[in-house]
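Top to bottom, those sequences are chains R, G and X. All residue numbers for the first sequence refer to this note's numbering, where the first residue is 43 and numbers rise by one. All residue numbers for the second sequence refer to this note's numbering, where the first residue is 12 and numbers rise by one. All residue numbers for the third sequence refer to this note's numbering, where the first residue is 19 and numbers rise by one. Report on the following structure.
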Amino acid sequence: MAAGVEMRETHKVARLHAVLWGIFSLGGMIAAFLLPVMIYLTGIAYPLGLWPFNGSRDPSFLVTGTLLGMLFVFVTIAGSLFHGIFRFQSALTEVGLLRFKKGLEAVGYFLIFAGIIVLAYYLLVLNPSLPTL
Amino acid sequence: MVVLDALNYIKANLDGSLTYRWSCRMGVCGSCGANVDGTPKLTCASFLHEFKGRTINVEPLPNFPVIKDLVVNMEDFMEKLVKIKPWIIREKETPPEQGEYKQSAEELERYQQFSSCINCMLCYSACPIYGLNEKFLGPAATALAYRYIEDSRDQGKNVRFPIVHEMEGVWECTLVGECSVVCPKGVDPMLAIQKTKILGATNAIRSILMPRGGR
Amino acid sequence: MAENKSFPELRRKLTPGWWTANRHYVQYMFREWTSLFVALFSLVYIYGLSLWATGSRNAFLNLLKNPATIAFSFIALIFTLYHAATWFYLLGQVVPMKIGKTTSKPWQALAVNLVLMLIVSYLVIWLLVLR
């Protein structure tokens, strides 16, 4: 104990929230570096036949073609989902919904964890045998 | 001429009851904060020529209860400054005969910026998170805590970390950044809060992965 | 807060529209709301996978080819790029790099990381699509 300091007051370190914030920050990196190309490939390049999907392939192989593709989809979508919902729920409390903070957090974390579990489940269902790297 | 001069003129010639705080009139005491034309500023540092040709509003600092005219209740702010224990905490004080605690220029640079705070409260007025939640520790208090955390002479991390890492400590901050924009002394509270968050996250992960401590 | 006050204090509350007061606040709100599109795209993608997992791959591909999804993807991409740009700028502000005596500026972090992001994007396309 530090000299001359009495610990009369108690402070509850928000350890869980600190970890969640760390994951949120990692999700922000993922959303910044990996999500743009994901959206481009899946939402724009494929349906409009732009490079690199010049007519022949479609992005479903990202999910079943290679282990690397599966990992890319999982990391990108799970990370972006966590980051997006965490931040949006916080943004909602800043525009007048502060009194619903607990409710928003409950809904938010439910969506995050349900979404990540469902995503992992589908990736495994669609890949009964693990594809090559 | 500055807004403070205008306030003094009004008090001397137009309305003697006008009540406001001021002291040094040169931007070092932190007394004269007010909302000048919508922005938290020191009235002694707001030059009238910036507002030439316009009528502006001078209002009491936002996010604080108003006592009278431009005077706001500072008690919450003062409590927070004291709460983070703004003094060097040593595990063991060395006697004066052993000389002063030495510090290199590099060690000084790590916290020097954050020691420039003049407690003017402009950052709390600029912070919407504090405006929405009075329990939030806030920019100046966290920057001051960080100033001591980063001071090589201080050994009080175990005392200060629980204070800044509780829920209403740094975690409420969402990096609006306006605190650093309005600071008249170039302190960057947003940076201090962010660095403290990183310390909190690494601490938490470390305490989970190595529960019996490890350094 | 002091007890035993003999005078009333004026307490002013922040209204939900507080962020319209100032250009910086508007930019901040805009930046935070990019998270909505980041989250929504992820949810839409997971929904698409659910169509495939419970039906056929074509159900997933038809969702992607739907003009509404394409329009949404364009908007989501723009907002995601804005998220990336503001995220890199923030990185520059909170983790300045020291090289010798000089410290990096936020716009430098923005530029370097944007280039890095483009390189990573090309690497993803090369590794996963072109190979």
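The beta-carbon is built from N, C-alpha and C at its ideal position, and this holds for glycine as well. This one's a predicted model, so the numbers in the text were calculated from it and none came from an experiment.
The C-beta of R/S102 has 16 or more other C-beta atoms within 10 Å across all chains shown, which makes the residue buried.
Looking from the CA of R/E136, the closest CA among X/F55, X/P124, X/K31 belongs to X/K31.
Sequence-ordered contacts of the stretch 101–125 of chain X with chain G read L108, Q111, V112, V113, P114 [C-beta pairs closer than 9 Å]. Chain-order list of chain G residues neighbouring X/N76: empty, with the shortest C-beta distance near 42 Å, by a criterion of under 7 Å. Contact annotation: G/C128 and G/V187 have beta-carbon atoms that are not nearer than 8 Å. Counting only the Cα atoms, G/C194 lies some 24 Å from G/I78.
Around G/P139, the beta-carbon contacts reaching into chain R at under 9 Å are E136. Restricting attention to G/Y135, G/E189, G/T207, G/I174, the CA atom closest to the CA of G/V83 is found in G/Y135. Listed along chain G are P76, V77, each with a C-beta nearer than 7 Å to that of X/L28. Under a 10 Å Cβ-count criterion, G/D26 is classified as exposed, with fewer than 16 other Cβ atoms of the shown protein chains found around its own Cβ. Taking a C-beta distance under 8 Å as the contact criterion, G/V175 and G/A156 qualify as a contact pair. In the DSSP annotation of this structure, the continuous segment of the beta strand (DSSP E) that includes G/K79 starts and ends at 77–79. About 15 Å separates the beta carbons of X/T98 and R/A87, which is beyond the 8 Å limit, so they are not a contact pair. Non-local C-beta neighbours of G/L133 in its own chain, meaning closer than 6 Å and more than five positions away in sequence, comprise G44, P51, V193, ordered along the chain. Residue state for X/G73 is assigned as coil, using DSSP reduced to three classes. Beta-carbon to beta-carbon, G/Y122 and G/R158 are separated by about 5 Å, close enough to satisfy the 8 Å threshold.
In the three-state scheme derived from DSSP, where H, G and I count as helix and E and B as strand, R/E147 is classed as helix. Around the beta carbon of X/M135, a 10 Å sphere encloses 16 or more other beta carbons of the protein chains shown; the residue is thus reported as buried. Under the three-state reduction of DSSP output, G/E145 falls in the coil class, being neither helix nor strand.
An exposed status is given to G/G64, since fewer than 16 other beta-carbon atoms sit within 10 Å of its beta-carbon.
For X/L32, the closest Cβ of chain G is nearer than 8 Å.
Look at G/A23 here: in three-state DSSP terms it is helix. R/F128 sits away from R/L165, with the two beta carbons spaced by 8 Å or more. Chain G places a beta carbon closer than 8 Å to that of X/N40, counting this residue as a contact. Residue pairing for G/L220: DSSP places it in no beta bridge.
Using beta-carbon distances, G/T153 does not count as an interface residue toward chain X, since no partner is under 8 Å. Under the Cβ criterion of 8 Å, R/S122 is counted among the residues facing chain X.
For R/F130, the chain X residues whose C-beta falls within less than 7 Å of its own C-beta are S53, L54, A57, listed in chain order. For G/V47, the enclosing beta strand (DSSP E) covers residues 44–47. Under the three-state reduction of DSSP, G/T50 is assigned to strand.
Residue-level contact check: G/V192 touches chain X, since one or more beta carbons of chain X fall below 8 Å from its beta carbon. At least one CB of chain X lies nearer than 8 Å to the CB of G/P73. Nearest neighbour of X/S122 by Cα position, chosen from X/L128, X/P114, X/F106, turns out to be X/P114.
Against G/I95, chain R offers no close residue; the least beta-carbon distance is about 11 Å (beta-carbon pairs closer than 9 Å). Contact annotation for R/G64 against chain G: A212, I216 [CB-CB distance below 7 Å, chain order]. For R/M112, the uninterrupted alpha helix (DSSP H) segment begins and ends at 109–134.
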